[in-house]
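Please read the structure below before turning to the comments.
There are 4 protein chains.
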Amino acid sequence: NSIPKVQKAAVIAKTGEKVQIKDDHPVKQPDQLKPGECLVRLHCTGVCHTDLHASLGDWPIPPSVPLVGGHEGVGEVVAIGKNTMGSPVKVGDRVGIKWVAYSCLNCEQCRKGLEQNCADVKLSGYTTDGTFQQYVQSWVNIVTPIPEGISSEAAASVLCAGVTVYRALKQAGTVPNDWVALPGAGGGLGHLAVQYAKVMGLRVIAIDGGEEKRRLCMDMLGADAWIDFTETKDIVSEVKRITGGRGANAAVVTAASSGGYTQAVDYLREGGTLMAVGLPAKAQLNASIFFTVFKNICIRGSYVGNRQDAIEAVNIAASGRVKVHYTSKPLKELERVYEDLGKGKIAGRVVLTM
Amino acid sequence: NSIPKVQKAAVIAKTGEKVQIKDDHPVKQPDQLKPGECLVRLHCTGVCHTDLHASLGDWPIPPSVPLVGGHEGVGEVVAIGKNTMGSPVKVGDRVGIKWVAYSCLNCEQCRKGLEQNCADVKLSGYTTDGTFQQYVQSWVNIVTPIPEGISSEAAASVLCAGVTVYRALKQAGTVPNDWVALPGAGGGLGHLAVQYAKVMGLRVIAIDGGEEKRRLCMDMLGADAWIDFTETKDIVSEVKRITGGRGANAAVVTAASSGGYTQAVDYLREGGTLMAVGLPAKAQLNASIFFTVFKNICIRGSYVGNRQDAIEAVNIAASGRVKVHYTSKPLKELERVYEDLGKGKIAGRVVLTM
Amino acid sequence: NSIPKVQKAAVIAKTGEKVQIKDDHPVKQPDQLKPGECLVRLHCTGVCHTDLHASLGDWPIPPSVPLVGGHEGVGEVVAIGKNTMGSPVKVGDRVGIKWVAYSCLNCEQCRKGLEQNCADVKLSGYTTDGTFQQYVQSWVNIVTPIPEGISSEAAASVLCAGVTVYRALKQAGTVPNDWVALPGAGGGLGHLAVQYAKVMGLRVIAIDGGEEKRRLCMDMLGADAWIDFTETKDIVSEVKRITGGRGANAAVVTAASSGGYTQAVDYLREGGTLMAVGLPAKAQLNASIFFTVFKNICIRGSYVGNRQDAIEAVNIAASGRVKVHYTSKPLKELERVYEDLGKGKIAGRVVLTM
Amino acid sequence: NSIPKVQKAAVIAKTGEKVQIKDDHPVKQPDQLKPGECLVRLHCTGVCHTDLHASLGDWPIPPSVPLVGGHEGVGEVVAIGKNTMGSPVKVGDRVGIKWVAYSCLNCEQCRKGLEQNCADVKLSGYTTDGTFQQYVQSWVNIVTPIPEGISSEAAASVLCAGVTVYRALKQAGTVPNDWVALPGAGGGLGHLAVQYAKVMGLRVIAIDGGEEKRRLCMDMLGADAWIDFTETKDIVSEVKRITGGRGANAAVVTAASSGGYTQAVDYLREGGTLMAVGLPAKAQLNASIFFTVFKNICIRGSYVGNRQDAIEAVNIAASGRVKVHYTSKPLKELERVYEDLGKGKIAGRVVLTM
Ligand SMILES: [Zn+2]
Ligand SMILES: [Zn+2]
Ligand SMILES: [Zn+2]
Ligand SMILES: [Zn+2]
Ligand SMILES: [Zn+2]
Ligand SMILES: [Zn+2]
Ligand SMILES: [Zn+2]
Ligand SMILES: [Zn+2]
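Line by line, the protein sequences are chains S, B, X and A.
In terms of the numbering used here, the first sequence has 80 at position 82, counting the first letter as 1, and numbering is strictly consecutive.
In terms of the numbering used here, the second sequence has 77 at position 79, counting the first letter as 1, and numbering is strictly consecutive.
In terms of the numbering used here, the third sequence has 167 at position 169, counting the first letter as 1, and numbering is strictly consecutive.
In terms of the numbering used here, the fourth sequence has 16 at position 18, counting the first letter as 1, and numbering is strictly consecutive.
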């Protein structure tokens, strides 16, 4: 139970440079924790496209460097800062670290529940050190309690990919039996989106490429229809055909390019909702203004989730209705994982063990 | 009370050609009306950008030709088709004709209240003959009853421009005292938007150009802040300055070009709503995907309004809280009005008398 | 295909009197149909508590007599009135008759989608002759199209009990995984509510009495928890225990007495919703004002459903995810069914064959 | 700027006993403040029916005694507890104390924005000492910042009566021009409700008794219609007459007795909303279940407001559009104010000076 002075960590010295795996990265000590802070010994951490952006520094908002990346970790509280009042967690609790590392709970956006847009937000593995290390400093009010019934590895992926698609689906304004189109359905976010959509009683059109992903979406996750973009020339027509000519009621678009947005406005039904959740460095929303207006389409940006979204997403997964498909690797292989992510070679999620 | 066989009408023979003002255009006779149809003798009709698109044929959806344009008319019911059951209007009632001339009230979109997207919709002055004539055929279930307390000229403008901005504001998810940005605030749609926004208790940032429009927006309509785009270099910064650094809560964008959308995503507060109501022939929604997602911005297309929206918008105007600024011209000057519209030379609305 | 002059029908001559089963009740002939009307040859009809109220005349709103009751029928369109324009159904289509027999689609409530509260509403088997006959006159715009994949018997029950609980659940403001309490879960409405709630991803607390109903709710329908009111002294405490001390997020209360409402306000979580769907002749909402306010409870009356609700509820059932448990009886046993209903002796729904 | 050891305070030793005005009540000293706590020197405090309930101990939830009552105070921050992190206020700021003295910002209800129902809530002047003293201990995250443009006296009343009616109106689901009925329109809550309703563009039916209140509501506050309950036999019919036969769209009911609720269900339009905000010790919601369901009425409890509601309500008042009508009295007259409140003799609000 004693906390070491140094630890393993994956450090980015400068954006654009390679990640360095260190053995002697300092651990913040319990007596260095301020009121409201806590220290978490991590079991594991997910890896996500966002980490790649942090490492490349290609987003419009710059990361702080040097930086320990990572923002989907699960572990155990090992210390809480002195003079912390009314902590909802205690030493020994299993908790999760998500993208929003800290929000003030006080500014306008926090008061409205949009903690992701807190005026004083800290972002794990981006503006504050994240989960690619054995011990991470966090805040007692912000960590996500992890219930029984879910492994730390699964919970880690839910805390970012799961929360993101769950909140997007929750805000899509659907009723049960509505059709939702999920481009990238076989990927890290997509395979969770298929499952959350089924929990909500939606009918799912899984859009992705290849027989392996078809089998995942249709046979294992229960999607209602499949479109293989490598074989289908006209995705818009195919979505319309599947939905009896009327188009999908909603879509959750994670695409990094403009095309996915243009297409979704076309295959959505009048009055439909396009939930935009991807964060590409530069792409524009190249949808037609005419058809967005004429069809009463709502294009709604949805950025990760707040504490309540995280708890809801984790609890649903812990009930057994959403399963994470992930591959386990050691932390030291992070650089190779980045390479594979950059090339789109990762199926499901990658979770690193410490 | 007798209905003539012929009438004055402005006819487009082919898209792209000039409008012809005729004196001998046939009037649909009462015994030609089908069940559910009615004939309305018009007092006046508004002219709108949409009419220009109909005449040019530059929208992605082609108009029917030959065509009598016009979709904002007010007049009196003079006949109702035989075998019409349960008509909500009777001969002698003052009623309005709006863009949605007919919706079936039965298809999925109609059942959900999105009559504008009816599978069998007919559009006044676009796919069915409109209000640039003395007598127009319409449908008893769809005409808008016009209450006391508003002139036919004012009601005509409310039926298109008014309904459009009223519905957009109603769907913008604001609470009283929120800031709404209105680019084009001094124009046909904009000057009504300022007033509806004030009725809802919003604070208005009027954005437009020139002293005359400033005086209209600020002194006559009660906008809370003014930005002259001909003088202000950085509209985004100016909106932020006015709103205490935080950005507007909502914007109603009528712009024909992409720039207004890009800008709005930038000057909106996190969680803000961009109501898109303009129908430019070709422009794209060139907003940043990154910031739409990151700021949780909702870009919501809103296309005219349904029957209930029209009644609400007209009733608010009839209560005296929204006044239409319009210029009256005779029908025969329509061609010149089109020219001025195309050049952006029209202030407020133009209403044609028969 | 020829339409007879007379038919079998169950007629109430005066409220409070016994139902008479006739063989020579007149059939409205095709040439007697007005524009917009249609004639439906029924396959079957459900029986519902409302029919008992119609027969007893104990509701605050009196039924029209003499009356043919019944408001959950399914059959085939055999004639459509001359001069009917734009009918969404044609002769030969399978359609359903629900409680709202006719709504004008034009008044304020209809325009807002609250067709149940139409100013000119006609109620099947209450203010217009209903489905306890072989041929019923209806309206083309109002009948519910019945898709493949569901039997007429099952569809009949969905059209009243199913629509009622589906709409109530849809309006309860829940998110997936929320707890909903369903008093009367094993009954006609309740057993459908359990299933619709599961489709929406909710966790269900089934409240009813006896081993047979426990088995139905838990083993066949998949409820998550069971409370037997014949054995459990303190239902409020039991709901709280099941929900980890916090109370249910929503309840759908069909009870005929005040007690169910008082209790629900007590076992609901703060911010919870009580959907009230029962229509007892005289009972009062005897909930505590203090706790309704203090706990931010929403008590929402929800009365059957509109056309869209009916189509959604039927489509979900046709997808196989909601199954109706019913008993078939011949029309002539209606009087005995009323007796059993009055004594609470009916399990599931009763469907009469013609 | 030095903080005294003792102060004036109005203390309730035991519920049901008289209030004692003391000169030597201890002041919590800066070094006794825990992290997150602050000390506020009050300018003034409102008096409210709730204080009377605290003093009588007649609510279902018992107050803590001995107790300093009061929960609508405005003053200046004079000290902040050591080790407080990220305080949104600083010494010298003008802030308000409202009914919710403390909420944890962490539990389920807090995460959902229902801070009033926090699992660890502290209530000013009820479960923690309130504003009937010169110095009150509070929490930096919970105090309401008071902007320029509003007096401390006015802000005090807005913080309880204003927030309560503002939130209720905000949640009533109205659109501009809808009719809202306000029983008790001339009272402490009612006169603010009239004004907030007008800010939202609603049409107001003010219901109260006597010429003085009529003049206040109609001539000073701009209500659209007046019903004097001392003269009008049938309030339900009168509301219907005023609204063209259709009934009010919403009502905000503050009544202490069941009658106001029963009546509102009757005079509301189908689909209307009854916002319940009063907290009577014992009364029941004696509305008809039949008509609540049949008319699709929503009865929604709304209990004070959260931090964001408070800021919105105060900011609207500070913009000059809502004015508080109050009478100033010294703290020592509290006992007499209670007597007058109990007899319903107070017009507007009473604000006590220190
Ligand atoms: Zn991530
Ligand atoms: Zn914040
Ligand atoms: Zn127009
Ligand atoms: Zn339609
Ligand atoms: Zn029924
Ligand atoms: Zn109607
Ligand atoms: Zn109060
Ligand atoms: Zn809390």
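Where a beta carbon is used, it is the ideal one built from N, C-alpha and C, also for glycine.
Since the model is a prediction, treat every value here as computed from it, not as a measurement.
Residue i (DSSP reduced to helix, strand or coil)
| i | result |
| --- | --- |
| residue 48/B | helix |
| residue 273/A | strand |
| residue 226/S | strand |
| residue 15/X | coil |
| residue 121/X | strand |
| residue 63/S | coil |
| residue 132/A | coil |
| residue 247/B | strand |
| residue 196/X | helix |
| residue 298/X | strand |
| residue 189/A | helix |
| residue 169/X | coil |
Residue i Cβ short of 6 Å to ligand 7 heavy atom set
| i | result |
| --- | --- |
| residue 158/A | yes |
Close-in-space but distant-in-sequence residues of the same chain around residue i (CB under 8 Å, 5 per side omitted)
| i | result |
| --- | --- |
| residue 318/X | 147 |
| residue 26/S | 37, 133, 135 |
| residue 300/X | 162, 165, 166, 169, 273, 274, 275 |
| residue 208/A | 184, 226, 228 |
| residue 335/A | 45, 327, 344, 348, 350 |
| residue 260/S | 284, 285, 286 |
| residue 118/A | 100, 101, 102, 105 |
| residue 172/A | 178, 198, 200, 247, 248, 271 |
Any non-hydrogen atom of ligand 3 within 6 Å of residue i CB
| i | result |
| --- | --- |
| residue 42/B | no |
Closer than 6 Å: residue i CB and nearest ligand 5 heavy atom
| i | result |
| --- | --- |
| residue 48/X | yes |
Close-in-space but distant-in-sequence residues of the same chain around residue i (CB under 6 Å, 5 per side omitted)
| i | result |
| --- | --- |
| residue 221/B | 192, 202, 204, 215 |
| residue 176/B | 200, 247 |
| residue 57/S | 51, 279 |
| residue 305/X | none |
| residue 91/B | 75 |
| residue 241/S | 177 |
| residue 11/X | 64 |
Anticipated Cβ contact below 8 Å, residue i with residue j, distance rounded
| i | j | result |
| --- | --- | --- |
| residue 13/X | residue 63/X | 6 Å |
| residue 250/B | residue 218/B | With 8 Å as the limit, residue 250/B and residue 218/B do not qualify as a contact, their Cβ atoms being about 19 Å apart. |
| residue 123/X | residue 49/X | 6 Å |
| residue 345/S | residue 152/S | Incorrect: roughly 16 Å between the Cβ atoms, too far for contact. |
| residue 297/B | residue 78/S | About 42 Å separates the two Cβ atoms, so there is no contact after all. |
| residue 137/S | residue 100/S | 5 Å |
| residue 262/B | residue 159/B | About 20 Å separates the two Cβ atoms, so there is no contact after all. |
| residue 281/S | residue 256/S | 5 Å |
| residue 97/A | residue 121/A | 6 Å |
| residue 252/S | residue 187/S | 5 Å |
Cβ neighbours of residue i in the same chain (closer than 7 Å, five flanking residues each side left out)
| i | result |
| --- | --- |
| residue 82/B | 33, 34, 138 |
| residue 2/A | 25 |
(message) Any residue with its C-beta under 5 Å from a non-hydrogen atom of ligand 8 counts. Can you list them all in chain order?
(response) 101/A, 102/A, 105/A, 108/A, 116/A
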